[in-house]
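A.B. asks: Residue numbers (the working numbering): 6 to 533. By construction, the Cβ of each residue, glycine as well, lies at the ideal position given by its N, Cα and C atoms. All figures in this text were calculated on a predicted structure; none of them were measured in a lab. Structure provided below as structure tokens; questions to follow.
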């Protein structure tokens, strides 16, 4: 009997040791997790500009890290917001609620930014924000729960949505560069603006420096390197200053913003003491690898290659700093991309006899409403359009006792006949349709509470245009690969060519920290 009691007590002690592992670091656990999310990072550009790199950035990741060469998102058409939400929650927009950086509020018929929240005023910004639209927990949230609130969780990004979605619900702080003041801003939703951030503002404010910032090629090597084959490849080295009212927004769409993120991150690491005690902390950084001022990469080719050269330097810089302050063996780095979705060159493809045209979502909305009036009588059946989605007046349809399935089927049959339409997906088709690889990604990108009732898939090569907002985008379905790296904390170097899904990152981090994965994450962790 005594032996049985002894075994029972021993088992309970062992169980408590395992379940309490998230509170304090067990042997082999990292003291700091650093998520580095690079907006618009592309594998082809990363490889093409390799002659411009040093030894401590991309090359170090490839040689010393676990390198997944073919990462992808589990849903269609990711943008920065939906990508960040997926990475942090381990699930797609269908579950986490973030279908993009904006969607339509059915009550007001006005677009809503994914982190808008009038309840929480901003600090150093007029924008009011919180993560209230994020419907599930993040890996940072689970770390806070596991440590009983002791872990520090920070997110630093050029943009508001990336910062807040990176910090999650339970984070200590989300910081971004305000578009109009250039100051590091946050929201009252999180902890008070920390003293280390105030100190940084006094000593290194971008507002005080931007007048003297001059954006030119990093060095002669960049200025003499020509990757793009267009006539712009022979252009003179670029030179940009930031003098207009949009100066901060312009700087945020250049390689220079990455240095600002790194400088502020170093202040946070050093002054907040990230990774220096017995409790694991988490820091999420967002860097920029998109085109200059969101213009075409072909038109601004030298800026593009300079962006990757500078990004390489910033990766080397932040790796070295954290290695010195925390230690590489105690830090788990995760480096990946939001996917690529930046501006395409609006060229006339017809002169090359490539099928093309302009599909107006505004005209499609009007034509569909006229058709529904002819079938069901007078009324405003199509309330509005946003991106490639149409929102129906569901209250009108209900009040007239119309069969919604029939209405959606009629809409689909009508729209598919319009020039430039490849396919039409209704809310019911996405919810109830048979599974295929293509429809699976579309369904994962859809959310019943905020997505449109009708999603129009525009034919490749056609331009999607909205006359009301003057927005336009070129439809492409070309595969664009991007990498995923793990570095530090005992990671064994290896290159893996098997495709992996980004929603596997959160459960992989959870496994490394011996905590629960986010509460809507269905994926198994990656083996490393």
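Using DSSP with H/G/I as helix, E/B as strand and the rest coil, what is residue 471?
C.D. replies: strand
A.B. asks: Taking DSSP's pairing of strands, which residues face residue 116 in a bridge?
C.D. replies: 109
A.B. asks: Can you tell me whether residue 463 is helix, strand or coil according to DSSP?
C.D. replies: strand
A.B. asks: Please name the residue or residues paired with residue 287 in a DSSP beta bridge.
C.D. replies: Note: residue 287 sits in a beta bridge opposite 38, 158.
A.B. asks: Identify, in the order they occur along the chain, each residue of the same chain with its Cβ nearer than 8 angstroms to the Cβ of residue 2, setting aside the five sequence neighbours on each side.
C.D. replies: Here the chain comprises residues numbered 6 to 533, so residue 2 is not present and cannot be evaluated.
A.B. asks: Does DSSP put residue 185 in a helix, in a strand, or in coil?
C.D. replies: coil
A.B. asks: Measuring only between beta-carbons, confirm whether residue 500 sits less than 8 angstroms from chain B.
C.D. replies: The structure shown contains no chain B; it is built from a single protein chain.
A.B. asks: Under DSSP, the beta strand (DSSP E) around residue 165 begins and ends at which residues?
C.D. replies: Where residue 165 is concerned, there is no enclosing beta strand (DSSP E), although the alpha helix (DSSP H) it sits in stretches over 165 to 172.
A.B. asks: Judging by CA-CA distance, which residue of 402, 113, 356, 59 is the nearest neighbour of residue 316?
C.D. replies: 59
A.B. asks: Please check the pair residue 523 and residue 144, which I expect to be a contact at CB under 8 angstroms, by giving their CB distance rounded to whole angstroms.
C.D. replies: Correct: roughly 6 angstroms between the Cβ atoms.
A.B. asks: With a CB to CB cut of under 6 angstroms and the five nearest residues on each side skipped, what residues in its chain are close to residue 456?
C.D. replies: 104, listed in sequence order.
A.B. asks: Taking 8 angstroms as the cut-off, decide whether the C-beta atoms of residue 192 and residue 179 are in contact.
C.D. replies: yes
A.B. asks: Secondary structure at residue 400, three-state DSSP: helix, strand or coil?
C.D. replies: helix
A.B. asks: What are the start and end residues of the beta strand (DSSP E) that includes residue 339?
C.D. replies: 336 to 342
A.B. asks: Nearest by alpha-carbon distance to residue 424: which of 83, 188, 362, 271 is it?
C.D. replies: 362
A.B. asks: Which residue comes first and which comes last in the beta strand (DSSP E) that contains residue 389?
C.D. replies: 387 to 391
A.B. asks: So, with DSSP's three-state summary, where would you put residue 426?
C.D. replies: DSSP, reduced to helix, strand and coil, places residue 426 within a strand of the structure shown.
A.B. asks: Quick one, which of 101, 114, 72 has its alpha-carbon nearest residue 398's?
C.D. replies: Residue 398 has its Cα closest to that of 114, out of 101, 114, 72.
A.B. asks: Name, in chain order, the residues that DSSP records as bridge partners for residue 71.
C.D. replies: 491, 499
A.B. asks: Which residues does DSSP pair with residue 395 in a beta bridge?
C.D. replies: 390, 459
A.B. asks: Residue 259 to residue 394, Cα distance in whole Å?
C.D. replies: 30 angstroms
A.B. asks: Is the stretch 256 to 272 close to the stretch 292 to 310, with three or more CB pairs under 8 angstroms?
C.D. replies: Proximity of the stretch 256 to 272 to the stretch 292 to 310 meets the contact definition, three or more beta-carbon pairs being nearer than 8 angstroms.
A.B. asks: Alpha carbon to alpha carbon, how far is residue 520 from residue 513?
C.D. replies: 10 angstroms
A.B. asks: If residue 62 sits next to residue 321, beta carbons under 8 angstroms apart, how far is it from one beta carbon to the other, in whole angstroms?
C.D. replies: The Cβ separation is near 4 angstroms, so the contact holds.
A.B. asks: Evaluate residue 129 with the Cβ neighbour count: other Cβ atoms within 10 Å of its Cβ, from every protein chain shown; 16 or more gives buried, anything less gives exposed.
C.D. replies: buried
A.B. asks: Leaving out five residues before and five after residue 121 in sequence, what residues of the same chain have Cβ atoms less than 6 angstroms from its Cβ?
C.D. replies: Setting aside the 5 residues that flank it on each side, residue 121 has no residue in the same chain whose C-beta is closer than 6 angstroms to its C-beta.
A.B. asks: Measure the CB-CB distance between residue 78 and residue 459 and report whether it falls below 8 angstroms.
C.D. replies: no
A.B. asks: Mind checking residue 204: buried by the 16 CB within 10 Å criterion, or exposed?
C.D. replies: exposed
A.B. asks: How many angstroms separate the CA atom of residue 410 from the CA atom of residue 124?
C.D. replies: Put simply, the backbone Cα of residue 410 is about 37 angstroms away from that of residue 124.
A.B. asks: Please return the same chain residues whose Cβ sits closer than 8 angstroms to the Cβ of residue 271, not counting the five positions on each side in sequence.
C.D. replies: If we look at residue 271 and ignore the five residues flanking it on each side, its Cβ neighbours are 323, 326.
A.B. asks: Which of the three DSSP states is assigned to residue 324 in this structure?
C.D. replies: helix
A.B. asks: At what residue ranges does the stretch 199 to 250 contain a whole run of the alpha helix (DSSP H), taking only runs of 4 or more?
C.D. replies: 200 to 209, 211 to 214, 225 to 228
A.B. asks: Which same chain residues, not among the five before or five after residue 268, have their C-beta less than 7 angstroms away from its C-beta?
C.D. replies: 209
A.B. asks: Return the first residue and the last residue of the alpha helix (DSSP H) that residue 362 is part of.
C.D. replies: Segment 362 to 365 is the beta strand (DSSP E) holding residue 362; no alpha helix (DSSP H) there.
A.B. asks: Check residue 477 in the structure and name its three-state DSSP category.
C.D. replies: Here DSSP, grouped into helix, strand and coil, assigns residue 477 to strand.
A.B. asks: For residue 298, report the span of its alpha helix (DSSP H) as first-last.
C.D. replies: Where residue 298 is concerned, there is no enclosing alpha helix (DSSP H), given that its DSSP letter is neither H nor E.
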